[in-house]
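Residue numbers (the working numbering): 965 to 1224. I have placed the structure first, in the form of structure tokens, so that the comments after it can refer back to it.
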């Protein structure tokens, strides 16, 4: 069974997903971070592909991306780092990045490498729905790879339904139109999340952008299947000599939820 589908079907509590940038803080930290996140109760991991011009990202993720590139991280190297990961963990893994990185790597080769290394889904925030349908939908389906699309508070009902029909894995609910890492009052987003929930879409939903602690996680998950934390986690890794302790410390407030 698809690891993402199995996770949503078998997880009664809200799904906790963590995003980190591959190659940050150090070039070879990818496997350590993945295994430590799983060890500390995370359900789903999103691995960011470093990009030189990450326009949709806030300053924390931007800086982590620049640092990762400076460290020598490339998409080719990332796939090499991930090639043995499935021998050590079955946690769902999703790659998140910009379309240009995929084009430069080669679209078919990218999908093939995702399958080869056990990647369960891909998020490309700058890939328009219509362009995906026209050029990439058949490619992703042929490889059995989930393409996870984003929905914002401004997305029309008609377009949400179309995105739901085309996407697989889950839907990424952007909690605002701002860049990642924003900390606007998530209470204002309750109506938006409730509206999406009432639509009874086919795909599960995860909320992202601006979720930074247990309180914001709980607000975001009142009407979603879970939430994604990115910038706050990446910030917690700054200047840390012991990654294991840093990961455990960041996730300690969520421990009660992991036992429910």
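Quick reminder that beta carbons are idealized off the backbone N, C-alpha and C, glycines included. Computed from a predicted structure; not experimentally measured.
- Contact annotation, residue 994 with residue 1045: C-beta distance approximately 5 angstroms; criterion of less than 8 angstroms satisfied.
- Bridge pairing for residue 984: 1011 [DSSP].
- Comparing alpha carbon positions, the residue from 1005, 1124 and 1107 closest to residue 1114 is 1124.
- The three-state reading of DSSP puts residue 1110 in strand, counting E and B together.
- Short of 8 angstroms from the beta carbon of residue 1103, and not among the five residues preceding or following it, lie these beta carbons of its own chain, in chain order: 1071, 1072 and 1075.
- Nearest Cα to residue 1054 within the set 1069, 1017 and 998: 998.
- Residue 1038 and residue 1011 have their C-alpha atoms roughly 13 angstroms apart.
- Residue 1121 sits in a helix when the DSSP states are folded into three classes.
- Here residue 1166 is exposed, its C-beta having fewer than 16 other C-beta atoms within 10 Å.
- In this structure, residue 1170 places its C-beta atom within 7 angstroms of the C-beta atom of residue 1190.
- Assignment of residue 1062 by DSSP, reduced to helix, strand and coil, places it in the coil class.
- DSSP places residue 1093 in the helix class (H, G or I) of the three-state scheme.
- For residue 1109, same chain residues with a beta-carbon under 6 angstroms away, outside a window of 5 residues either side, are 1075 and 1078 in chain order.
- In the three-state DSSP reduction, residue 1169 falls in the strand class (E or B).
- By alpha-carbon distance to residue 1197, the top candidate from 1043, 1040, 973 and 985 is 985.
- For residue 998, the enclosing alpha helix (DSSP H) covers residues 994 to 1003.
- Per the DSSP secondary-structure output, residue 979 pairs in a beta bridge with 1190.
- Exclusion of the five residues before and after residue 1007 leaves 971, 975, 979, 980, 981, 1055, 1056 and 1190 as the residues of its chain whose Cβ lies within less than 8 angstroms of its Cβ.
- Separation of residue 1067 and residue 1029 (C-alpha to C-alpha, rounded to the nearest whole angstrom) is 18 angstroms.
- Here residue 1065 is not near residue 1112, since their CB atoms are 7 angstroms or more apart.
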